[in-house]
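Peer 1: Dropping a structure here in structure tokens format, bear with me for questions.
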Amino acid sequence: MEIFNNLIFGFSVALSLQNLIYCFIGVFVGTAIGVLPGVGPLVTIAMLLPITFNLPPIPALIMLAGIYYGSQYGGSTTSILMNLPGETASVVTCIDGYQMARQGRAGPALAICAIASFIAGCVGTLLIAMFGPPIAEMALKFGAPEYFSLMLMALIAAACLSSGDMVKALAMVVFGLLLGIIGTDVNSGMARFSFGIPELTDGMGFTVVAVGLFAISEIVKNLETKEMGEVFTSKIKNIMPTWADLKASFWPVVRGTGVGAFFGTLPGTGPSIASFSSYMVEKKSAKDPSRFGKGAIEGVAGPEAANNAAAQTAFIPTLTLGIPGSGTMALMLGALTIQGIAPGPQVMTAKPDLFWGLIASMWIGNLLLVILNLPLVGMWVQLLKVPYRWLFPSIIMFCAVGNYSVNNSAMDLYLVGIMGILGYVLVKLECPPAPLILGFVLGPLMEENLRRALLISRGDPTVFFTRPISLGFMIAAVFILVIMILPAIRKKKEQAYEGGGG
Amino acid sequence: MNVKPWDNKDLLAGLLMIGVGAVAFYMALDYPFGSALRMGPGYFPRVLAGILIAFGIYVGLRGLRVQEKVEGIWGWKALALITTAFFVYGWLMDRIGMIPSLVVLFFVSALAGHEFRLKEVIILTVVMTAFAWAVFIWGLGMPYRLFWWN
């Protein structure tokens, strides 16, 4: 019953007026920005990260988490009404959600989204509370070799399982690790890769990299093409789904939650592959698969549940091991670090109020999402009409002022510009930036653990293979690499990503 | 079907990786390498740079074989204007205060769009500058000068 005591403790933290307000602000702002076409969760979080630094750690994290799932949910609204996914995870929602909207059933589609997300979010929150403590306890026993192997496995898995070219993703991890080296070496006190710029001896700011890589490249890419499709705003009259809709959605939501909760914990997969897989499952188990793609409510309910469950369970490795599995989780981890909290298994014992408060706030946040979304859908829809030519200068403004506020230094903004050029070139060359930020976040830790491990073993590199847990991670890493090189499986992965993308 | 080298997606990606790896490796030559037992500050970067170069060679060669074009057009103008907006904002913030800097930021970045409607940009600038003031100065208490005479 410890879990209930912990959750009650968490709620006592999360329900304090201050935290409740920040949770509300996070969810509200997250939804509002997430709804805006062409602005995905990554950009939203990257843009708002600097603002949260000026808050104490607990409200900052609660607000960021709220922004995260708020924008995730807001993205679904855009998908349904505009056929315009803000990120890969919403691509699936577009398929049947947009068709439903075209048939005048946008209201029920949005409502099912909210309900499915809420149910999945509740389950996800419970899963974190259940599995978080045992995993953290186990991880507390890890030594340097185990940590190094775990990080290596996580990075390889993240690169291999994410969409797109595996070799390029791996190369981007290495690039990120190199960028993470910038700064003063803790062991020797030597400034590395600082190009003679004094500001760089403290390392490159985390928000600098995030904004440059994600926000700028995203905006420039959006500006390449002209403005976008038709919005079904006038047609939302009846929001409540019918009884038949609810009945049809029940099992898809249950299955989607399961699928999502599983994929969320794996590095690299996260919400996008979860929602694709859920769509596949629903299509396969449907009596009449031909309805899919033509406005089947199951095709909205399942993936939405999966999407949100994965968004929640992704916090498990991030909070308990200090190892993020996706770009967004890397941003959350970066936020922890900048708040002066060393991520890892000790967070739960050293900062129980933060850990349990955050978990409880996620449940509250999910509830707020339903409350905000069902009655206010008309208001969000109005936001869809905001033209991009007003949006992007405002995003740039937030990124610029926010980044300046972190260190009050102009140098940070010059670096944002440089990272922006790099980010755009990488995106054009189809080198995924998310593995890069994972490498950037984990780089310093990885080097530290590598050094320590080899110091313990007196320079013997077999230490990673003689300790059983470390060996297990290494075998897993090699296994993932090998199966992803096998052509048959690689093809399947591509199908899984494309099958949904259509 | 042959693609011009400067349009070849993977060739360019490979060259970029090789370039970054080479620069990193060259710079890391100045840092002591140490041994596996006592790793110097040059150990990790040099190993990583080597791996990145290897990836770059693989991707680049694949580009020569597969010959895939970069998709879409390059939005150089938008990229240049948007990064300029960041550079200029940073440079001006220390000199003329937040409000005039934001005005410049909005005008420069709005030029990156498809159409520039002066009236809209003026309204957007006024509204969003007020918003930035409310969030950062009033809300978060940032100690910025508003104008150069403050």
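Residue numbers (numbering that gives the first Met the number 0), protein chains in the order written: chain V, 0 to 501; chain H, 0 to 149.
Even for Gly, the Cβ is constructed at its ideal location relative to N, Cα and C.
L412 of chain V CB to nearest chain H CB: under 8 Å?
Peer 2: On the first sequence, residue 412 of chain V is found 413 positions in, with the first residue counted as 1. Chain H contact via Cβ: present.
Peer 1: I need the DSSP call for N419 of chain V, collapsed to helix, strand or coil.
Peer 2: In the first sequence, the residue the question calls residue 419 of chain V occupies position 420. Before going on, a small fix: residue 419 of chain V reads as Gly here, not Asn. G419 of chain V falls in the helix class under three-state DSSP.
Peer 1: Name the chain H residues whose beta carbon is nearer than 8 Å to that of W389 of chain V?
Peer 2: As a working note, residue 389 of chain V is residue 390 in the first sequence. The answer, in chain order, is E119 and L123.
Peer 1: Do you know offhand how far G500 of chain V's Cα is from S276 of chain V's?
Peer 2: Within the first sequence, the letter at position 501 stands for residue 500 of chain V. Within the first sequence, the letter at position 277 stands for residue 276 of chain V. Reliability of the predicted coordinates at G500 of chain V is poor, the pLDDT of 40 falling under 50, and no value is obtained from them.
Peer 1: Short of 8 Å in beta carbon distance, which residues of its chain neighbour A101 of chain H, apart from the five on each side in sequence? Order them along the chain.
Peer 2: To locate residue 101 of chain H, count along the second sequence from 1; it is residue 102. For the sequence presented, residue 101 of chain H should be read as Leu rather than Ala. Y88, T124, M127, T128 and A131.
Peer 1: Does the Cβ-Cβ distance between T206 of chain V and L109 of chain V come in under 8 Å?
Peer 2: Taking the first sequence and counting its residues from 1, one reaches residue 206 of chain V at position 207. Taking the first sequence and counting its residues from 1, one reaches residue 109 of chain V at position 110. Against a cut-off of 8 Å, the Cβ pair of L109 of chain V and T206 of chain V comes out as no contact.
Peer 1: Using C-beta distances below 7 Å, list every residue in its chain close to S360 of chain V, excluding the 5 sequence neighbours before and after it, in chain order.
Peer 2: As a working mapping, residue 360 of chain V is identified with position 361 in the first sequence. Closer than 7 Å at Cβ, skipping near neighbours: A13, N18, C22, I61 and A64.
Peer 1: Less than 6 Å between C-beta atoms, sequence neighbours within five positions excluded: which residues of the same chain meet that for V172 of chain V?
Peer 2: As a first step, residue 172 of chain V is located in the first sequence; it is residue number 173 there, counting from the start. So the list reads L154, A158, P434 and G438, once near-sequence residues are dropped.
Peer 1: Does R466 of chain V have its Cβ less than 8 Å from a Cβ in chain H?
Peer 2: By one-based count along the first sequence, residue 466 of chain V stands at place 467. Not closer than 8 Å to any Cβ of chain H, the Cβ of R466 of chain V fails to qualify, so no.
Peer 1: Answer yes or no: do A135 of chain V and P344 of chain V have a C-beta to C-beta separation smaller than 8 Å?
Peer 2: The count along the first sequence starts at 1 and reaches residue 135 of chain V at position 136. The count along the first sequence starts at 1 and reaches residue 344 of chain V at position 345. Cβ distance < 8 Å, so A135 of chain V and P344 of chain V count as in contact.
Peer 1: Answer yes or no: do L368 of chain V and Y68 of chain V have a C-beta to C-beta separation smaller than 8 Å?
Peer 2: Here residue 368 of chain V refers to the residue found at position 369 when the first sequence is read from its first residue. Here residue 68 of chain V refers to the residue found at position 69 when the first sequence is read from its first residue. Yes, they are a contact pair.
Peer 1: Is G255 of chain V near G324 of chain V, with beta carbons less than 8 Å apart?
Peer 2: Taking the first residue of the first sequence as 1, we reach residue 255 of chain V at position 256. Taking the first residue of the first sequence as 1, we reach residue 324 of chain V at position 325. No, they are not a contact pair.
Peer 1: Less than 8 Å between the C-beta atoms of Q71 of chain V and G123 of chain V, yes or no?
Peer 2: As a working note, residue 71 of chain V is residue 72 in the first sequence. As a working note, residue 123 of chain V is residue 124 in the first sequence. Not a contact, by the Cβ cut-off of 8 Å.
Peer 1: Using a threshold of 8 Å, state whether the C-beta atoms of L139 of chain H and I98 of chain H are closer than that.
Peer 2: Along the second sequence, one-based indexing puts residue 139 of chain H at 140. Along the second sequence, one-based indexing puts residue 98 of chain H at 99. Contact flag unset, no.
Peer 1: State the DSSP-derived secondary structure class of N7 of chain H, mapped to helix, strand or coil.
Peer 2: By 1-based counting over the second sequence, the position of residue 7 of chain H is 8. Correct three-state label for N7 of chain H: strand.
Peer 1: So what does DSSP say about G41 of chain H, is it helix, strand or coil?
Peer 2: Residue mapping note: residue 41 of chain H aligns to position 42 of the second sequence, counting from 1. In this structure, G41 of chain H counts as coil in the three-state DSSP scheme.
Peer 1: Between the alpha carbons of G39 of chain H and M203 of chain V, how many angstroms are there, rounded?
Peer 2: Here residue 39 of chain H refers to the residue found at position 40 of the second sequence. Here residue 203 of chain V refers to the residue found at position 204 of the first sequence. Each residue's Cα considered, the two are about 21 Å apart.
Peer 1: Please give the ranges of any alpha helix (DSSP H) in the stretch 32 to 120 of chain V, keeping only runs that are unbroken, at least 4 residues long and fully inside the region.
Peer 2: 40 to 51, 56 to 81 and 87 to 101
Peer 1: Taking only beta-carbon atoms, is F150 of chain H less than 8 Å away from chain V?
Peer 2: Nothing about residue 150 of chain H can be reported from this structure: the residues present for chain H run from 0 to 149 only.
Peer 1: Can you list, in chain order, the residues of the stretch 70 to 99 of chain H whose Cβ is nearer than 7 Å to any Cβ on chain V?
Peer 2: G71, I72, W73, G74, A77, L78, I81, T82, A84, F85, F86, Y88, G89, W90, M92 and D93
Peer 1: Any idea if F249 of chain V is buried or exposed, counting beta-carbon neighbours within 10 angstroms, 16 or more meaning buried?
Peer 2: Taking the first sequence and counting its residues from 1, the one referred to as residue 249 of chain V is at position 250. By the neighbour-count rule (16 or more Cβ atoms within 10 Å), F249 of chain V is not buried but exposed.
Peer 1: Hey, does I180 of chain V have any beta-carbon neighbour from chain H nearer than 8 Å?
Peer 2: The residue you call residue 180 of chain V lines up with position 181 of the first sequence. Interface residue, yes.
Peer 1: Which bits of chain H does N406 of chain V rub up against, with CB to CB less than 9 Å?
Peer 2: Position 407 of the first sequence, counted from the first residue, corresponds to residue 406 of chain V. Simply none; closest approach about 11 Å.
Peer 1: If the criterion is Cβ atoms closer than 8 Å, does the pair G356 of chain V and A309 of chain V meet it?
Peer 2: Position 357 of the first sequence, counting from 1, holds the residue named residue 356 of chain V. Position 310 of the first sequence, counting from 1, holds the residue named residue 309 of chain V. A distance of 8 Å or more separates the beta carbons of G356 of chain V and A309 of chain V.
Peer 1: When the Cα atoms are used, what is the spatial distance from L503 of chain V to I111 of chain V?
Peer 2: Chain V is shown only over 0 to 501; residue 503 of chain V falls outside these bounds and no answer can be derived.
Peer 1: Could you work out which residue in V:P351, V:E1, V:A304 and V:M137 is closest to G263 of chain V when comparing CA atoms only?
Peer 2: If you number the first sequence from 1, residue 263 of chain V lands on position 264. Ranking V:P351, V:E1, V:A304 and V:M137 by Cα distance to G263 of chain V puts V:A304 first.
Peer 1: So the candidates are V:L335, V:A31 and V:L149; which of them puts its Cα closest to the Cα of Q381 of chain V?
Peer 2: Reading the first sequence from its first residue, position 382 is the one you call residue 381 of chain V. When each option's Cα is compared against that of Q381 of chain V, the closest is V:A31.
Peer 1: What residue range is occupied by the uninterrupted alpha helix (DSSP H) comprising V172 of chain V?
Peer 2: As a working mapping, residue 172 of chain V is identified with position 173 in the first sequence. It spans M165 to I180 - the alpha helix (DSSP H) in which V172 of chain V sits, taken as one unbroken run.
Peer 1: Answer yes if the stretch 142 to 151 of chain V comes into contact with the stretch 439 to 456 of chain V, meaning at least three C-beta pairs across the two stretches below 8 Å, and no otherwise.
Peer 2: At 8 Å Cβ cutoff, the stretches touch.
Peer 1: Using the beta-carbon of each residue, which ones in chain H are nearer than 7 Å to E446 of chain V?
Peer 2: Counted from its first residue, the first sequence places residue 446 of chain V at position 447. Those are F43, listed as they occur along chain H.
Peer 1: Would a C-beta distance cut-off of 8 Å place L428 of chain V and V69 of chain H closer than the cut-off?
Peer 2: Here residue 428 of chain V refers to the residue found at position 429 of the first sequence. Here residue 69 of chain H refers to the residue found at position 70 of the second sequence. V69 of chain H sits close to L428 of chain V, with the two beta carbons spaced by under 8 Å.
Peer 1: In chain H, what lies closer than 7 Å to S161 of chain V by C-beta?
Peer 2: Residue numbering aside, residue 161 of chain V sits at position 162 when the first sequence is read from its first letter. Those do not exist, as S161 of chain V stays about 16 Å from chain H at its closest Cβ, beyond 7 Å.
Peer 1: Compare the Cα-Cα distances from G13 of chain H to each of H:G20, H:L51, H:G55 and H:W137 and report the closest residue.
Peer 2: Residue mapping note: residue 13 of chain H aligns to position 14 of the second sequence, counting from 1. Considering only alpha carbons, the answer is H:G55.
Peer 1: By the DSSP assignment, the alpha helix (DSSP H) with P266 of chain V in it spans what residues?
Peer 2: On the first sequence, residue 266 of chain V is found 267 positions in, with the first residue counted as 1. It is not in any alpha helix (DSSP H) - P266 of chain V carries neither H nor E in the DSSP assignment.
Peer 1: Quick check on F32 of chain H - is its C-beta less than 8 Å from some C-beta in chain V?
Peer 2: Along the second sequence, read from residue 1 onward, the residue named residue 32 of chain H stands at position 33. Not one chain V Cβ lies under 8 Å of F32 of chain H.
Peer 1: Exposed or buried, K283 of chain V, counting other C-beta atoms within 10 Å across all chains shown (16 or more means buried)?
Peer 2: For the purposes of this step, residue 283 of chain V is identified with residue 284 of the first sequence, where counting begins at 1. That one is exposed.
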